[in-house]
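Protein chains in written order, with our numbering: chain D, 19 to 354; chain Y, 173 to 384; chain E, 25 to 231.
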């Protein structure tokens with residue numbers, strides 16, 4: 019989720035007392051056309067196919083969840099920014115994107131308070147407490163989601179996706195990963211790829227995630243290294259587990275196209291604030307996420323692990339930054 | 173004189189004196205309270221036995237008739253996979269007849285060890301009660317295994333078939349409803365019950381002591 | 025050296041101005057570990073109060089006999105004795121609570137509030153002052169535990185002291201009774217406490 023950029027709006031920099039330190043490796047080209055707003059606009063455009071698919075397939079469930087999260091995130095941002103006496107700008111879209119991503123990643127049938135509490139935690143504890151946009155350690159949307167996921171496991175875990183009395187067919191079946199974990203039934207790959215399965219509104223369609231994600235990478239709003247790292251690791255570990263203990267009907271492609279993997283790889287992991295700075299670091303970051311996802315999927319009690327994987331790798335991002343420092347142009351290897 | 177003053181035993185006279193005082197005070201406390209603590213520990217399991225075998229109504233009836241169960245605690249060891257496992261078993265006797273058994277067993281839960289008591293009828297083919305002594309499952313989810321609503325599902329289940337925790341609602345007679353969001357804890361309880369009953373049924377049938 | 029605070033000052037200071045949890049940040053281990061329901065938190069507060077009172081009185085009585093290099097040994101010895109008494113007492117009369125609190129009762133021995141009070145107050149001042157200090161600090165600690173446990177129990181289970189206060193439709197915030205909830209609650213309450221404090225200080229300066 020490329021929702022934050024270190025670039026501050028010029029007006030903001032003048033009003034604050036403490037000097038802003040730009041954290042970026044050389045060369046320091048200042049491209050003022052690349053404002054936070056523009057970046058965020060790109061992310062919003064990239065999320066159109068995913069959101070469209072979610073609304074087309076889940077109808078009211080998706081619309082309700084997205085609206086609840088969107089509105090509460092904006093309200094939360096307004097309140098917390100006022101509390102910190104910082105200028106509030108609705109129009110850098112960052113809170114809106116947090117809300118949209120949170121809405122897309124919560125189960126459709128989950129009750130309204132889940133979205134509201136998730137949004138307030140995402141903005142408050144996930145972002146503002148650390149100093150606001152650009153200072154946060156963890157991906158805000160995932161902080162919010164983790165909070166409600168642990169709090170309201172009853173309506174958030176696998177069974178939370180199922181609404182038997184639902185008006186939409188989709189929500190009457192188990193999610194593909196859960197169906198497999200519980201009863202060993204696998205879902206057709208084409209359905210997984212196109213998105214005709216149950217799940218969080220944003221994650222169901224692999225195709226829509228790929229479309230939006232590739233757009234983000236081409237626009238260089240998201241770094242291609244992160245999703246590549248995730249996908250390569252999942253292919254390797256998924257392939258290995260396929261090879262070592264072939265599970266009936268659950269292949270490598272199921273691992274790739276099911277759950278929140280692609281959605282997470284393209285929209286959540288790519289948040290520039292909470293991912294490493296160098297290309298190599300980004301690749302390691304992505305690979306770490308892929309490895310954690312597979313570890314959680316194969317060996318833990320949870321059917322899916324993208325959220326925890328992203329949060330865990332967010333925590334080690336500072337270490338990766340240290341481990342893989344940027345090489346200055348023309349620098350030689352140190353003599354030992 | 174100087175040497176005498178610097179001797180560390182002399183220096184520490186207060187420490188030594190206080191240690192003696194506190195030590196004897198603690199010994200007194202221990203002497204007074206230890207029977208009570210021991211009784212608590214035993215009561216914790218023993219007091220549950222009648223209810224596990226006879227149910228709440230049965231215990232009331234027993235109290236009305238002024239009778240009480242005679243409980244024989246014993247340790248039963250069985251050999252399994254070349255390892256000796258010992259179970260604590262309570263045999264309850266009412267009016268000279270075996271009225272049921274209670275097995276104390278434990279196993280791995282989601283967070284930590286789950287320790288429970290299983291009540292069985294005299295012929296060992298039906299569960300008459302279940303009680304969770306110790307568990308550290310997730311508060312709000314897994315710790316619901318200790319609630320009556322969950323435990324009472326086990327009552328009068330047949331022990332010939334393994335009990336299964338079902339996520340989607342129990343349909344067949346050997347199934348119980350798993351707790352929403354705590355499938356692993358629910359399954360752990362089932363598996364502890366199943367293993368204990370399987371392990372002990374034959375050996376309990378074999379060496380039933382004739383009640384005197 | 026400034027005049028030592030009087031008994032009354034000691035008593036008042038412990039409750040809010042020098043609250044052991046919110047101002048001194050001492051004794052955070054039980055503050056985080058046993059505050060997921062009011063019953064456990066209040067039992068803990070009671071146990072700490074007993075140990076603190078006992079230790080303060082004993083240390084104050086023997087304060088003139090203390091040798092500087094052996095004082096910590098004596099503090100620890102005294103505290104450990106009172107903790108053992110509490111531990112046995114709970115096991116005898118509140119068995120289920122003693123099991124629920126588990127290792128946290130023996131761990132009162134290393135609770136820094138008590139050793140800090142022995143060092144700061146009891147080893148220097150009279151028995152009455154030491155007693156007043158212990159009571160004040162205990163009330164402060166109890167209030168701090170109650171505030172955290174209250175928030176956590178109400179949000180996490182919809183109950184207060186095991187009685188339902190929230191409507192039955194209240195969704196339990198399970199995370200609040202889990203360890204992360206302790207950190208969130210302590211952090212937010214500490215922040216609120218500091219905010220009020222700084223506002224009050226500002227008003228004072230103005231007036």
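Think of the CB as a built atom: it goes at the ideal place given N, C-alpha and C, for glycine as much as any other residue. Since this is a predicted model, take the numbers as computed values, not measurements.
Item                                                                                                                                                                                                          : Value
How about residue 204 of chain D and residue 125 of chain D: do their beta carbons lie closer than 9 Å?                                                                                                       : no
Among the residues of its own chain, which have a CB less than 6 Å from the CB of residue 198 of chain D, if the five just before and after it don't count?                                                   : 204 and 268
In chain order, what residues of the same chain lie with their CB nearer than 6 Å to the CB of residue 314 of chain Y, ignoring the 5 residues before and after it?                                           : 282, 354 and 357
Could you tell me the alpha carbon to alpha carbon distance between residue 34 of chain E and residue 156 of chain E, rounded to whole angstroms?                                                             : 6 Å
Would you give the residue range spanned by the alpha helix (DSSP H) that residue 315 of chain D belongs to?                                                                                                  : 297 to 317
By Cβ distance, which residues of its chain are closer than 6 Å to residue 133 of chain E, with the 5 residues on each side in sequence left out?                                                             : 103, 104 and 107
Between the beta-carbon of residue 53 of chain E and the beta-carbon of residue 131 of chain E, is there less than 9 Å?                                                                                       : yes
Would you call the segment 71 to 82 of chain E and the segment 179 to 199 of chain E touching, i.e. three or more CB-CB distances under 8 Å?                                                                  : no
In the DSSP assignment, the beta strand (DSSP E) including residue 276 of chain Y goes from what residue to what residue?                                                                                     : 269 to 280
Could you say which of D:130, D:113 and D:131 lies nearest to residue 141 of chain D if we only look at CA atoms?                                                                                             : D:113
What's the gap between the Cα of residue 185 of chain Y and the Cα of residue 197 of chain Y?                                                                                                                 : 18 Å
Where do the N-terminal and C-terminal ends of the alpha helix (DSSP H) with residue 34 of chain E fall, by residue?                                                                                          : 31 to 39
Can you tell me where the beta strand (DSSP E) with residue 291 of chain Y in it begins and where it stops?                                                                                                   : 285 to 292
Is it the case that the Cβ atoms of residue 301 of chain Y and residue 262 of chain Y are separated by a distance below 9 Å?                                                                                  : no
Quick one: is residue 141 of chain D near chain E, going by C-beta distance under 9 Å?                                                                                                                        : no
Report yes if the C-beta of residue 264 of chain D is less than 8 Å from at least one heavy atom of the ligand SAM; otherwise report no.                                                                      : With respect to the ligand SAM, the structure offers nothing, as it holds no ligand at all.
Could you check where the beta strand (DSSP E) with residue 255 of chain Y kicks off and where it finishes?                                                                                                   : 255 to 266
With distances taken between CB atoms, is the gap from residue 195 of chain E to residue 169 of chain D smaller than 9 Å?                                                                                     : yes
In the DSSP assignment, the alpha helix (DSSP H) including residue 28 of chain E goes from what residue to what residue?                                                                                      : Neither: residue 28 of chain E is in no alpha helix (DSSP H) and is coded neither H nor E.
I believe residue 217 of chain E touches residue 162 of chain E by the beta-carbon criterion, under 8 Å. Please report the beta-carbon distance rounded to the nearest angstrom.                              : The Cβ separation is near 19 Å, so there is no contact.
Tell me whether the segment 231 to 247 of chain Y and the segment 141 to 160 of chain E touch, counting them as touching only if at least three CB pairs, one residue from each stretch, are closer than 8 Å. : no
Does residue 310 of chain Y get closer than 9 Å to chain E when you measure Cβ to Cβ?                                                                                                                         : yes
Pick helix, strand or coil for residue 183 of chain Y, following the three-state DSSP scheme.                                                                                                                 : helix
Let me check understanding here. Comparing Cα to Cα, which of D:285, D:223 and D:153 lies closest to residue 239 of chain D?                                                                                  : D:285
Which stretch, first to last residue, makes up the beta strand (DSSP E) that contains residue 245 of chain Y?                                                                                                 : 242 to 252
Terminal residues of the continuous beta strand (DSSP E) containing residue 302 of chain Y?                                                                                                                   : 299 to 306
Does DSSP put residue 221 of chain D in a helix, a strand or coil?                                                                                                                                            : coil
Which term fits residue 88 of chain D, buried or exposed, when burial requires 16 or more other beta carbons within 10 angstroms of its beta carbon?                                                          : buried
Using the DSSP secondary-structure output, state which residues sit across from residue 349 of chain Y in a beta bridge.                                                                                      : Y:338
How far does the alpha helix (DSSP H) with residue 87 of chain D in it extend, from its first residue to its last?                                                                                            : 78 to 101
Report the option in Y:194, Y:202, Y:364 and Y:345 whose CA atom is closest to the CA atom of residue 304 of chain Y.                                                                                         : Y:364
Residue 240 of chain D versus chain E: which residues are under 9 Å apart at the beta carbon?                                                                                                                 : Result: empty, since nearest Cβ-Cβ is about 30 Å, beyond 9 Å.
Which same chain residues end up closer than 8 Å to residue 156 of chain D when comparing Cβ atoms and leaving out the 5 residues on each side of it in sequence?                                             : 144, 292, 329, 332 and 333
List, in order along the chain, the chain Y residues whose C-beta lies closer than 7 Å to that of residue 91 of chain E?                                                                                      : 183
Short of 8 Å in beta carbon distance, which residues of its chain neighbour residue 171 of chain E, apart from the five on each side in sequence? Order them along the chain.                                 : 213
Run down chain D in chain order and give the residues with a C-beta less than 8 Å from the C-beta of residue 198 of chain E.                                                                                  : 168, 169, 170 and 171
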